[in-house]
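K.L.:
Mapping of the sequence shown onto our numbering: residues 1 to 235, in sequence order. One structure follows; several queries about it will come next.
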Amino acid sequence: MIYHVLPGDAQVKDFRQTGLPGELLVCREALIDGDISGEKLDEFFYNRAAFHGEDLASYDANVASQFRRLLDAGPSDEVNLWFEYDLFCAVNMWFCLGLLSDSDADIYRVAPTHLNFEDRWNGFGNTSPEILKQCFDSRMKLSRSDIELGAELWNALRRRDTDELLRLSSRPNAAFPFIDEVGRAAAELDTKPSEIIRDIRRQGKSALKDVLPEFQKRAGVYGFGDTQVKRLMDE
1 MIYHVLPGDA
11 QVKDFRQTGL
21 PGELLVCREA
31 LIDGDISGEK
41 LDEFFYNRAA
51 FHGEDLASYD
61 ANVASQFRRL
71 LDAGPSDEVN
81 LWFEYDLFCA
91 VNMWFCLGLL
101 SDSDADIYRV
111 APTHLNFEDR
121 WNGFGNTSPE
131 ILKQCFDSRM
141 KLSRSDIELG
151 AELWNALRRR
161 DTDELLRLSS
171 RPNAAFPFID
181 EVGRAAAELD
191 TKPSEIIRDI
201 RRQGKSALKD
211 VLPEFQKRAG
221 VYGFGDTQVK
231 RLMDE
């Protein structure tokens, strides 16, 4: 079995037009935001459903079920993780790697390799099926140490262990481009975004439509959308 884990529903239509074979799974979470506690997976998903204010059965059907399929991946399977470079996507990918940490499947990272450095945080947005196919063709197979690194980064984030996040992201890694910037952003997740929002508002911008683009310009590494920025503004 071939699995493709897409970073969101926005990529589904164009992905289907690539003609790539395999089962499609969609990451419908934003694990960069909210409660990520829970020793057991069921407890974790319960807490996520509560954070979103969603009925557990609905959350399980639409969100958790997509992640649970990864637990079925075995030695004859292939998992392609289509995730962008920013922290929003990185955290979701780290969680997936945690789920896959004991799997014998072949695991690949499919990144938006078509982007230049200045546009590195733009991800797969407005990407044609042809470009998606090019990104797939340049995918990278993850080594056991790469998979373990992703799982360790996830666990460090859950513990809010800033020293460990900085240590784990201190060395360049071809499978995790821009890991230094992303790791530093993860270490500052509970402080830096709020500081940036306050500074933007001090300059007279108070509406979400004005704050969001300015935040994305200053701190694209976080990959925040309107939901995350509005939550910070409300706080």
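Where is the CB? At the ideal position from N, CA and C, for every residue including glycine.
Cβ atoms of Ser103 and Ala73: under 8 angstroms apart, would you say?
P.N.:
yes
K.L.:
Evaluate contact between the stretch 84-91 and the stretch 22-42, counting only Cβ atoms and requiring at least three cross-stretch pairs below 8 angstroms.
P.N.:
Touching, yes, given that three or more Cβ pairs across the two stretches are closer than 8 angstroms.
K.L.:
Got a sec, what are the start and stop residues for the beta strand (DSSP E) Tyr85 sits in?
P.N.:
Secondary structure note for Tyr85: it is in no beta strand (DSSP E), with a DSSP letter that is neither H nor E.
K.L.:
Are three or more beta carbon pairs between the stretch 76-90 and the stretch 113-132 nearer than 8 angstroms?
P.N.:
yes
K.L.:
Excluding the 5 residues flanking Thr227 on each side, which residues of the same chain have their C-beta closer than 8 angstroms to its C-beta?
P.N.:
The answer, listed in chain order, is Ala30, Asp33.
K.L.:
Take Pro112 as the anchor and find which of Gly19, Asp9, Leu25, Phe176 has the nearest alpha-carbon.
P.N.:
Phe176
K.L.:
Note down, in chain order, each residue of its chain lying with its Cβ closer than 7 angstroms to the Cβ of Gly22, except the 5 sequence neighbours on either side.
P.N.:
Ile2, Tyr3, His4
K.L.:
How about Leu6 and Leu24: do their beta carbons lie closer than 8 angstroms?
P.N.:
yes
K.L.:
Looking at Ser169: is its Cβ nearer than 8 angstroms to the Cβ of Val182?
P.N.:
Yes, they are a contact pair.
K.L.:
Kindly indicate which residue of Trp154, Leu41, Ile197, Phe67 has the alpha-carbon position closest to the one of Gly220.
P.N.:
Ile197
K.L.:
Below 8 angstroms on the Cβ atoms is my contact criterion, and I expect Asp190 with Arg160 to pass it. Report the Cβ-Cβ distance as a whole number of Å.
P.N.:
Between Asp190 and Arg160 a beta carbon distance of about 7 angstroms is seen, short of the 8 angstroms cut, so the two are scored as contacting.
K.L.:
Starting from His52, trace the alpha helix (DSSP H) in both directions and tell me its first and last residue.
P.N.:
41-52
K.L.:
Looking at the unbroken alpha helix (DSSP H) that takes in Arg202, where does it start and where does it end?
P.N.:
192-202
K.L.:
So, Leu79 versus Arg28, is the Cβ gap smaller than 8 angstroms?
P.N.:
The sequence shown places Val at residue 79, rather than the Leu named in the question. Between Val79 and Arg28, the C-beta gap is not smaller than 8 angstroms, which leaves the two residues out of contact.
K.L.:
Please return the same chain residues whose Cβ sits closer than 6 angstroms to the Cβ of Phe224, not counting the five positions on each side in sequence.
P.N.:
none
K.L.:
Among Asp9, Arg167, Arg16, Asp199, whose alpha-carbon lies nearest the alpha-carbon of Ala185?
P.N.:
The shortest C-alpha separation from Ala185 is found at Arg167.
K.L.:
Specify the secondary structure class of Leu166 as computed by DSSP and reduced to three states.
P.N.:
helix
K.L.:
Got a sec? Which residues, its chain only, sit under 7 angstroms from Ala105 by beta carbon, not counting five neighbours each side?
P.N.:
Excluding its 5 nearest sequence neighbours in each direction, Ala105 has C-beta neighbours in its own chain below 7 angstroms: Ala73, Gly74, Pro75, Asp77, Glu78, Val79, listed in chain order.
K.L.:
Which runs of the alpha helix (DSSP H), 4 residues or longer, sit entirely within the stretch 77-146?
P.N.:
87-99, 129-137
K.L.:
Give me the Cβ distance between Ile107 and Leu149, rounded to the nearest whole Å; I'm assuming they're in contact under 8 angstroms.
P.N.:
Actually they do not touch by this definition, with Cβ atoms about 12 angstroms apart.
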